[in-house]
Amino acid sequence: LIENRSSIASAITAYIDKPAREWGVAVESMLIKDVSMSKELQTSLSSAATQRRIGESKVIQAKAEVDAATLMREAAEILNTPAAMQIRTLDSMVMMAKTANTKVMFVPVNQDYSNGSINAFGGAGSTMGINAPGLSPKQPSVVPGSGNPIAQPIKDSVIYSQLAEM
Numbered sequence: 001l002i003e004n005r006s007s008i009a010s011a012i013t014a015y016i017d018k019p020a021r022e023w024g025v026a027v028e029s030m031l032i033k034d035v036s037m038s039k040e041l042q043t044s045l046s047s048a049a050t051q052r053r054i055g056e057s058k059v060i061q062a063k064a065e066v067d068a069a070t071l072m073r074e075a076a077e078i079l080n081t082p083a084a085m086q087i088r089t090l091d092s093m094v095m096m097a098k099t100a101n102t103k104v105m106f107v108p109v110n111q112d113y114s115n116g117s118i119n120a121f122g123g124a125g126s127t128m129g130i131n132a133p134g135l136s137p138k139q140p141s142v143v144p145g146s147g148n149p150i151a152q153p154i155k156d157s158v159i160y161s162q163l164a165e166m
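1 is the number of the first residue of the sequence shown in our numbering; add one for each residue after it.
Right, dumping it as structure tokens:
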């Protein structure tokens, strides 16, 4: 109604012109200056327009989320290489070093990114590690459940005391 004033005016002109000619009046043009609507109709029209805009924004947001997820998946595939993991590790260390008043303890880690494993304290069979009481320094303790049949349980207090001595 509001957007099509000229076409509505043309339709009214065609409708009024024939009866007006019978009275000797020629309608040359019709201009709709203002449209008065009830409050209920105004509320209904504005509500419909608002709902349409909300729907369009949800569609745009959903498309943006799909695009973001696609880009994140591509980035994960690109960064899933041993070299990229080493760069990320070094970047993390640099960021920790830049932080003021922070104590950072670096624990020896065997970082084998090719198979996705990181073995803390050198891992099973390594010559470096934290040793449980009663084991020789050449025989590292192993975290229980690691698949090694000679796994020795390690108490947290033993680990913490040996870390403190390092």
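Glycine residues also receive a C-beta, built at the ideal position from the N, C-alpha and C atoms.
Quick caveat, the model's predicted, so the values are computed rather than measured.
Within the same chain, show all residues whose beta-carbon is closer than 8 Å to that of residue i, passing over the 5 residues directly before and after it, in chain order.
i, result
"A20", "A26, V27"
"K39", "none"
"S92", "none"
"E56", "none"
How about residue i and residue j: do their beta carbons lie closer than 8 Å?
i, j, result
"I8", "I32", "yes"
"I54", "M30", "no"
"M96", "T102", "yes"
Leaving out the 5 sequence neighbours to the left and right, which residues in its chain are closer than 6 Å to residue i when beta-carbon positions are compared?
i, result
"L79", "none"
Considering only residues of the same chain and omitting the five flanking positions on each side of residue i, which have a CB-CB separation below 7 Å?
i, result
"S136", "Because S136 sits at a pLDDT of 47, beneath the cut-off of 50, its placement in the model cannot be relied upon, and the following sentence gives the value as read from the coordinates. Excluding sequence neighbours, S136 sits near nothing in its chain."
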